[in-house]
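K.L.:
Sequence order for the protein chains is E, F and U.
Here my numbering is used: position 133 in the first sequence is 132, and no number is missing along the way.
So the number in my numbering is just where the residue sits in the second sequence, counting from 1, plus 9.
So the number in my numbering is just where the residue sits in the third sequence, counting from 1, plus 13.
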Amino acid sequence: MTKPITREQDLASLTGNNPLSMKAERLSLFYGNKSAFKDVSLEIKSGGITALIGPSGCGKTSFLTCLNRLAELTPSCKVSGRILLGNRDVQALNVISLRRQVGMLFQKPNPFPLSIFRNIEFPLREHGVRSREEIDRIVEDVLRNVGLWDEVKNRLKAPALSLSGGQQQRLCLARALALKPEVLLMDEPCSALDPISSAVVEDLITSLHGKYTVLVVTHNLAQARRIADEVALFWVADETGQLIESGPVAQVFESPQHAVTAAYINGRRG
Amino acid sequence: MALLAAAIVLLIILFLVWETLPILQSIGLARFFNDSSWHPTSEEFNLLPMLWGTLLVTVGAVLIATPLGIASAIFCHYYAPRAIANLYRRLVELLAGIPSVVYGFWGLVVLVPIIGRIRPPGASLLAGILILTLMILPTITLVADASLTSVPPEYLRGCAAMGLGRWATVHGVVLPAASSGLLTGVILGTGRAIGETMAVLMVCGNVVQTPKNVFEPVRTLTANIALEMAYATGHHRAALFVSGLVLMVIVFVLVIAAELLNRGRIYV
Amino acid sequence: MSKNSPTPGQEDELQLTSTLKRAVTRSLPLWISSLQPAELLPTVILWAVATVVTGALLWLLSDVFWHGTGQISWEFLTTSPSNAGRDGGIAPIVVSTSLIVGVCMAVSVPLGLGTAVLLAEFASNSSGLGQLVRLSLDVLAGVPSIVFGLFGNAFFCKTLGLGFSILSGGLTLACMVLPILIRSTQEGFRAVPEDYRRCAAALGISRTAILWELLLPAAMPGVTVGLLLGLGRALSETAALIFTSGYVDRMPESLFDSGRALSIHIYDLAMNVSGGEPHAYATALVLVGFLVLINGTTSWLAERFRQSKIFVL
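Set out below in structure tokens:
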């Protein structure tokens, strides 16, 4: 089940071995008695980039944290419904291997207070990659993938917190990629960055197309339009978040089926 | 008045130096290390056995209490259910406030006889180490607890999102992130161990000698002062103040080390 | 094959251990619901450490409690010791202790408060003066109590000519608890957001008024906590008192009399009086009882303090 970290597999994934898709079925989440979102059914297509849009507080981030079961860390949190990774229920998977297969990028870059190298090495080791050469190779690979290699190759031992915000976010992406995930969840990955770094990270996300199944939360409609294949709109109705409309990006933006969607994407609401 | 604290520190140093000046002028510092033994009434002032005593007791206690204290803090934060963690914290806080004379008394009536059964006489370096371990454990635990609290929750979420287990998170991220705070706790604990008087006085046996194993009795600098101050006069009294001065210098060094540690972000 | 995914044989084994682990940890709010084998060992070790530490500490407390309760009676608390403390009670010792601690607090509280106020008003934490004071406080907090004893003996007893007296002891203790008081008062001041002060200043309110109306009320809980902590420290101190307040176990007639503190009484009974153990236990229980009371009040207050601080912000 777990995707192995070897060069053969690496190549295989480039030559058409599709990443797993994810599917939420009638998913609801409560914090205590308060409902964050209700009855959301959404498929995140294999290898595609799906954007979650909608106003603040409509449950987008909560939805994201259900997918890798990070929501379980909040004590009062209750989830109902079903989530599938490929064709397996995530509740049936070992949580650790689930989180290895479903990586996550946070809004605020959160590299560990370790060296740049160790930030990538440490999770790899914990997931059982022991050989030195293997680690060196993966570190170089993922840092090249996120365009950070040339900037940091001479100071891999420097503290990760000495990097700029944009570099930190790319390091976090590299760290997630090192574990060879199937799915990547991103929670407004550009919103804490300056416009230039933001553009760099956005390009990176686009480059993941086809290799990983990506679900990205964003407030930036223009960005959603640029990078996504599929869009899903969340909205607050009846005091809880609901999925209003989802579909291919062109359809949702050009001929929305729902009045709320039309109003939102034209900037009249939200 | 704002300088009151500084003034008191200055006053303490001044008086210690004032009282030691006569002996330092007349016999010099070297004799405190070169004399054949500690017989202050016959003008022999070798402090080395007592320095060894203090050093060994302190190092032993710190070596045992550090892992236990840090483990206790980790336990409270990441392993124990909330109710147990709170109870445990309360207990440790309570013990931080128990007077050293009570620790010493308990050591004397409970611990020393037990050690004595294994290997007489019982009142020994080992007893001192064990009692001091118990005494500085709360200090180290409470400081470590505070520094674990200040580890940003983003790190923990980041770890969880990558599917890292508890221990992986703790040893890979939490401990490096909290290292300077943990070290400060250890330094404070060390300071407390070096300065502790009553407990070691009551359980260590107080024989002036450099111990060859942990079952032999020792006398520490602090115990020496407490034992002899009552009847000391002249050079003898001054020699005791010299040991006070030595303790003061050690504490100075520790406090400054802790200060530097807190100021410069230690990067591991 | 990946190094991460277990081989079929391992999988069975994993299944078995994980069932076991789940049984062990089912009742716990698990942070990550299943344990890897590498996680099991640290978990077991940490629980073991906590158990051992708890065991040792409970042993100490219960020992003092069991041996002490049998000895304590109203009579024990209200009569004078006789036969070097083997018989009789601890009344004069309780009185001496109260006087010593009283002198200590009477001197250190105004001084500590005043110092903290002046520091808050005239020296920022980063200025040279502020740093000097902070460092002095650190050193003062770290000075071994026996060194305080030496200092007290040389300064209060000899130089100021107070001799072995309750006054000398109390003043020596005052030097010891001063850093605790100053620290907690400063902590209290920090509960007032900088914005409030700037805001009040912008409204043209005088510094004195800001101090009285904003800073001191906000610092009160911190001061109280500090006061109790200081009280606890003073009450439990032994080494600093041996050569300052002395050993005499008679009822003191004035502050210039020598008086024996509870902690010294325990020490004396345990070390110098054969057969003094039962009463040493009883005295230890009295002392620990006082301290538990103070400790409990402190953490209760500190808790309320923390809640009100959140409320203030």
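C-beta atoms are modelled at their ideal positions from N, C-alpha and C, and glycine is treated no differently.
Give me the residue from E/P158, E/L19, E/R174 with the minimum Cα distance to E/V89.
P.N.:
The candidate whose alpha carbon is nearest that of E/V89 is E/L19.
K.L.:
Looking at chain F, which residues of the region 134-146 of chain E have a Cβ within less than 7 Å of any of its Cβ atoms?
P.N.:
So nothing in the stretch comes that close.
K.L.:
Are three or more beta carbon pairs between the region 186-197 of chain U and the region 229-244 of chain U nearer than 8 Å?
P.N.:
Judged by Cβ distances under 8 Å, the region 186-197 of chain U makes contact with the region 229-244 of chain U, as three or more pairs qualify.
K.L.:
Count the other CB atoms within 10 Å of the CB of E/N67; is the residue buried (16 or more) or exposed (fewer)?
P.N.:
By the neighbour-count rule (16 or more Cβ atoms within 10 Å), E/N67 is buried.
K.L.:
Is the Cβ-Cβ distance between U/V108 and U/M264 less than 8 Å?
P.N.:
Cβ distance < 8 Å, so U/V108 and U/M264 count as in contact.
K.L.:
Please determine if the region 246-264 of chain U and the region 177-193 of chain U are in contact, where contact requires at least 3 C-beta pairs separated by less than 8 Å.
P.N.:
The region 246-264 of chain U, when compared against the region 177-193 of chain U, does touch it at the 8 Å Cβ threshold.
K.L.:
E/M103 CB to nearest chain F CB: under 8 Å?
P.N.:
Chain F contact via Cβ: present.
K.L.:
Determine the burial state of U/T311: buried for a count of at least 16 other Cβ atoms within 10 Å of its Cβ, exposed for fewer.
P.N.:
With 16 or more other Cβ atoms within 10 Å, it is buried.
K.L.:
Quick one: what does DSSP say E/K107 is sitting in, helix, strand or coil?
P.N.:
Note: E/K107 maps to coil in three-state DSSP.
K.L.:
Measure how close the beta-carbons of F/A15 and U/L145 come, nearest whole angstrom, since I'm counting them as under 8 Å.
P.N.:
About 6 Å separates the two Cβ atoms, so the contact holds.
K.L.:
So, using beta-carbon positions, are U/L180 and U/V114 closer together than 8 Å?
P.N.:
No, they are not a contact pair.
K.L.:
Figure out for me which residue from U/P206, U/V65, U/E226, U/P157 has the closest Cα to the Cα of F/E205.
P.N.:
The residue with the shortest Cα to Cα distance from F/E205 is U/P157.
K.L.:
Is the distance from the Cβ of F/M59 to the Cβ of F/L230 below 8 Å?
P.N.:
Yes, these two residues count as a Cβ contact at 8 Å.
K.L.:
Could you tell me the boundaries of the alpha helix (DSSP H) in which F/Y97 lies?
P.N.:
Counting along the chain, the alpha helix (DSSP H) containing F/Y97 begins and ends at 91-105.
K.L.:
Compute the distance between the beta-carbons of E/L170 and E/P110, then report whether it is under 8 Å.
P.N.:
Contact flag set, yes.
K.L.:
DSSP three-state label for E/H257, please.
P.N.:
Here E/H257 sits in coil by DSSP.
K.L.:
Residues in the region 246-271 of chain U with C-beta within 7 Å of chain F's C-beta atoms, listed in sequence order?
P.N.:
Listed by position along the chain: S249, T251, A252, I255, F256.
K.L.:
If we require 4 or more residues per run, which alpha helix (DSSP H) segments fall completely within the region 47-110 of chain E?
P.N.:
Qualifying alpha helix (DSSP H) stretches, in chain order: 59-66, 94-100.
K.L.:
Could you pull out every unbroken beta strand (DSSP E) segment of at least 3 residues lying fully inside the region 134-199 of chain E, listed in chain order?
P.N.:
Correct list: 182-186.
K.L.:
On the CB-based measure, 16 or more other CB atoms within 10 Å of its CB, does E/L212 come out buried or exposed?
P.N.:
Per the sequence shown, residue 212 of chain E should be read as Thr rather than Leu. Buried is the call here.
K.L.:
Exposed or buried, what is F/Y291 when buried is set at 16 or more other beta-carbons lying within 10 Å of its beta-carbon?
P.N.:
Coverage of chain F is limited to positions 10 through 277, which leaves residue 291 of chain F absent and any answer about it impossible.
K.L.:
What residues of chain F sit near E/L178, judged by a beta carbon separation below 8 Å?
P.N.:
Those are M171, G172, listed as they occur along chain F.
K.L.:
Could you name the residues of the same chain whose beta carbon sits closer than 7 Å to that of E/H126, not counting the 5 residues immediately before and after it, in chain order?
P.N.:
Around E/H126: R99, L178.
K.L.:
Excluding the five sequence neighbours on either side, which residues of its own chain have a C-beta within less than 7 Å of the C-beta of U/S93, listed in chain order?
P.N.:
Closer than 7 Å at Cβ, skipping near neighbours: G101, G102, A104, P105, M264.
K.L.:
Could I get the ranges of all uninterrupted alpha helix (DSSP H) runs contained in the region 134-169 of chain F, with 4 residues as the minimum, in chain order?
P.N.:
Listed in chain order, they are 134-158.
K.L.:
If you measure beta-carbon to beta-carbon, which residues of the region 100-117 of chain F are closer than 7 Å to chain U?
P.N.:
Listed by position along the chain: L100, E102, L103, L104, G106, I107, P108, S109, V110, V111, F114, W115, L117.
K.L.:
Residues of chain E with CB under 8 Å from F/Y164, in chain order?
P.N.:
In chain order: N109, F111, P112.
K.L.:
Here's a check: name, in chain order, each residue in its chain whose Cβ is nearer than 6 Å to the Cβ of E/P255, leaving out the five neighbours to either side.
P.N.:
Contacts found: A261.
K.L.:
Under the three-state reduction of DSSP, which class applies to E/T239: helix, strand or coil?
P.N.:
Here E/T239 sits in strand by DSSP.
K.L.:
Label E/L123 either buried or exposed according to how many other C-beta atoms from any shown protein chain fall within 10 Å of its C-beta, with 16 as the threshold for buried.
P.N.:
Classification for E/L123: buried.
K.L.:
Distance check for F/H86 and F/T158, CA to CA, integer angstroms please.
P.N.:
C-alpha separation (whole angstroms): 8 Å.
K.L.:
Across the region 193-207 of chain F and the region 141-150 of chain F, are there enough close Cβ pairs to call them in contact, namely three or more that are closer than 8 Å?
P.N.:
Contact holds: three or more Cβ-Cβ distances are below 8 Å.
K.L.:
For E/K22, which residues from the same chain have a beta carbon less than 6 Å from its beta carbon, with the 5 sequence-adjacent residues on both sides left out?
P.N.:
Around E/K22: E42, L83.
K.L.:
Nearest CA to the CA of E/A227: which residue from E/G46, E/N144, E/K37, E/E238?
P.N.:
Measuring from the Cα of E/A227, the nearest candidate turns out to be E/G46.
K.L.:
Tell me whether F/I123 sits in a helix, a strand or coil according to DSSP, three-state version.
P.N.:
Of the three classes helix, strand and coil, the one that applies to F/I123 here is helix, per DSSP.
K.L.:
Candidates F/R166, F/M211, F/C168, F/V260: which alpha carbon is nearest F/G200's?
P.N.:
Out of F/R166, F/M211, F/C168, F/V260, F/V260 has the C-alpha closest to the C-alpha of F/G200.
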